[in-house]
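Numbering (the UniProt record's numbering), first residue to last: 1 to 483. For glycine and all other residues, C-beta sits at the position ideal for the given N, C-alpha and C. Single-structure report; data block below.
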């Protein structure tokens, strides 16, 4: 039976089987190289090399046709076949180490598998080059005869390591590898020529071809299984990703809703605080306005009682003008500095009607400042002018009050300067009149500024002026933000 099969292979089908196997190897090599460029998985690249060197190893076996001509053109002989056989056997170890991801499991195991394979390929290539250089064929022939024993030991060690690797795909590799290994060893000329085997070259090649077929079937199953595993993992990953994205979207919606609610609450709080601030400002204004009106009405009353009709009428005319300003101020929360200064001019005109010698009143505005752009609470400067008049210059023959508006970095500095008796003398006068409290008007003005700008954004400073060590007046310095 065995002899009949041997005769069929030797005489009839060897050439067809050889061309079929080599064509299949070349197709496998090309196919896996394409897979490598598509997936960038090194296991495909290594298997492509493995099948390609298997193809190269058996080109020289062809006895006719295109492969025979190609073998002669490439100068491939029996020694070349031996070299390529050694290389593709070593490449197989590199392939399955990469395919089963042994390095991720254990780096030491990975080194034990691949380092000897690299070493055997290097020795085979080096001794082959010595042979081709024409020195001697001793080293290559010696290594070629030793190789079956070395690769057998490496196979035993590597497959033992594979039994420790937790990867179900290893069983396909072990099965295909063992079958191919046995067939490769039987196909080796030094083994097949053993007396108890005595196999011909073609029979040895046929045995190897069958082993290669089984090995590729095993690998195809392994590849299909891994693709199925990868597909399932990808589907599971996509499902988890979609679920995670949905959770993130839900969480994002919740956060947006919560932020919207928080923003609405904060806006309401800001609105309420603004309303409270406006209410405080309105209350302070209503406290100050009657105070000013009361003082003005007292002056009008004085003129009427003195039967000074002309001054009383003049006073009433100016008073009606400033009353309109007061009414406007009660409906708004701020004036421009221009409005405020015009109101102060009218107020000083009214006060001047009370004195025989009028107050020399002047306003200076820095060229860098546009008073229309500066905002402040309505009629907030009036109490300071009132103080300068009543407690400063009222009793003097020469009355002088200046307002200076200056630019100081990011602030506006408003200076109210009088040539009055000074604060010490004014305090004595208050004691004489049984009124030691600070001016109600300036307290109200301070409260208005605090409510409008905030306590950290404005200052009121009082400076005493001296001339020849004698009191020469007072300067009130008011700093507000340059808006």
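query = By how many angstroms is the C-alpha of residue 227 removed from the C-alpha of residue 234?
reply = The straight-line gap from Cα to Cα measures roughly 10 Å.
query = Unbroken beta strand (DSSP E) runs of length 3 or more, entirely within the UniProt domain "Histidine kinase/HSP90-like ATPase" (379-482): which are they?
reply = With a minimum length of 3 residues, the continuous beta strand (DSSP E) runs that stay inside the UniProt domain "Histidine kinase/HSP90-like ATPase" (379-482) are 400-408, 411-418, 459-467 and 470-481.
task = Closer than 8 Å by C-beta to residue 358: which residues in its own chain qualify, once you throw out the five before and the five after it? Chain order, please.
result = Answer for residue 358: 352 and 399, listed in chain order.
key: Alpha-carbon spacing of residue 563 relative to residue 238, whole angstroms   = A question about residue 563 goes unanswered here, because the residues of the chain that appear run from 1 up to 483.
ask   = Apart from the five residues on each side of it in sequence, which residues of its chain come closer than 6 Å, Cβ to Cβ, to residue 368?
value = Contacts found: 407.
message = Restricting to runs no shorter than 4 residues, where is the alpha helix (DSSP H) found entirely within the region 22-60?
response = Counting whole runs of 4 or more residues, the region 22-60 contains the alpha helix (DSSP H) stretches 42-57.
task = Out of 383, 137 and 153, point me to the one whose CA is closest to residue 441's CA.
result = Nearest C-alpha to residue 441: 383.
key: Identity of the residues DSSP links to residue 365 by a beta bridge   = Per DSSP, 405.
request  = Just grab the DSSP bridge partners of residue 301 for me.
outcome  = The secondary-structure analysis by DSSP pairs residue 301 with nothing; it has no beta-bridge partner.
key: Euclidean distance between Cα positions of residue 95 and residue 253   = Distance between the alpha carbons of residue 95 and residue 253: 49 Å.
query = Over what stretch of residues does the alpha helix (DSSP H) that includes residue 324 continue unbroken?
reply = For residue 324, the enclosing alpha helix (DSSP H) begins and ends at 309-329.
task = Report the residue from 134, 182 and 128 whose alpha carbon sits nearest the alpha carbon of residue 151.
result = Considering only alpha carbons, the answer is 182.
task = Pick helix, strand or coil for residue 360, following the three-state DSSP scheme.
result = Reduced to three states, the DSSP call for residue 360 is strand.
message = So, for residue 33: in the same chain, excluding its five sequence neighbours on each side, which residues have a beta-carbon less than 6 Å away from its beta-carbon?
response = Short of 6 Å from the beta carbon of residue 33, and not among the five residues preceding or following it, lie these beta carbons of its own chain, in chain order: 48.
ask   = With distances taken from CA atoms, which of 153, 411, 176 and 50 is nearest residue 376?
value = Relative to the Cα of residue 376, the nearest Cα in the group 153, 411, 176 and 50 belongs to 411.
Closest by C-alpha distance to residue 177, when choosing among 217, 146, 141 and 166 = Just measuring C-alpha positions, the residue of 217, 146, 141 and 166 sitting nearest residue 177 is 217.
task = Determine contact between the region 160-177 and the region 103-110, defined as no fewer than three beta-carbon pairs at a distance below 8 Å.
result = These segments touch.
query = In chain order, what residues of the same chain lie with their CB nearer than 7 Å to the CB of residue 303, ignoring the 5 residues before and after it?
reply = Taking residue 303 as the centre and dropping the five residues before and after it, the same chain places the C-beta of 311, 312 and 315 closer than 7 Å to its C-beta, in chain order.
key: Among 125, 362, 425 and 159, nearest to residue 113 - alpha-carbon criterion   = Across the set 125, 362, 425 and 159, the C-alpha of 159 shows the shortest separation from the C-alpha of residue 113.
request  = Provide the residue span of the alpha helix (DSSP H) that contains residue 148, from first to last.
outcome  = Run containing residue 148: 138-164, per the alpha helix (DSSP H) assignment.
key: For residue 375, the residue or residues it bridges with in DSSP   = The partner list for residue 375 (beta bridge, DSSP) reads 336.
Same chain, Cβ closer than 6 Å to residue 126, neighbours up to 5 away in sequence not counted = Nothing meets the Cβ criterion.
Cα-Cα separation between residue 329 and residue 347, rounded to whole angstroms = One C-alpha to the other measures close to 14 Å.
key: Under the three-state DSSP convention, the category residue 249 falls into   = Here DSSP, grouped into helix, strand and coil, assigns residue 249 to helix.
query = Can you tell me the Cα-Cα spacing of residue 467 and residue 459, whole angstroms?
reply = The straight-line gap from Cα to Cα measures roughly 26 Å.
query = How big is the Cα-Cα spacing for residue 37 and residue 230?
reply = Roughly 18 Å between the two C-alpha positions.
ask   = In its own chain, which residues sit with a C-beta less than 6 Å from the C-beta of residue 381, not counting the 5 before and 5 after it?
value = Contacts found: 340 and 344.
task = Using a threshold of 7 Å, state whether the C-beta atoms of residue 50 and residue 99 are closer than that.
result = In this structure, residue 50 sits away from residue 99, with a CB-CB distance that is not shorter than 7 Å.
Among 390, 208 and 258, the one whose alpha carbon lies nearest that of residue 57 = Per the Cα distances, 208.
key: Distance between residue 418 and residue 386 (C-alpha atoms, nearest Å)   = When the Cα atoms are used, residue 386 and residue 418 turn out to be separated by approximately 11 Å.
inquiry  = Quick check: residue 372 and residue 331, are their CB atoms within less than 7 Å of each other?
reply    = For residue 372 and residue 331, no; Cβs fall outside 7 Å.
query = In chain order, what residues of the same chain have a beta carbon less than 7 Å from the beta carbon of residue 170, not counting five sequence neighbours either side?
reply = 100 and 162.
key: Residues near residue 154 in its chain [Cβ-Cβ closer than 6 Å; skip 5 each side]   = Excluding positions up to five away in sequence, the list reads 116.
ask   = In whole angstroms, what is the alpha-carbon distance linking residue 322 and residue 470?
value = Residue 322 and residue 470: Cα-Cα distance of roughly 36 Å.
query = Are the CB atoms of residue 364 and residue 404 nearer to each other than 7 Å?
reply = In this structure, residue 404 lies closer than 7 Å to residue 364 by Cβ.
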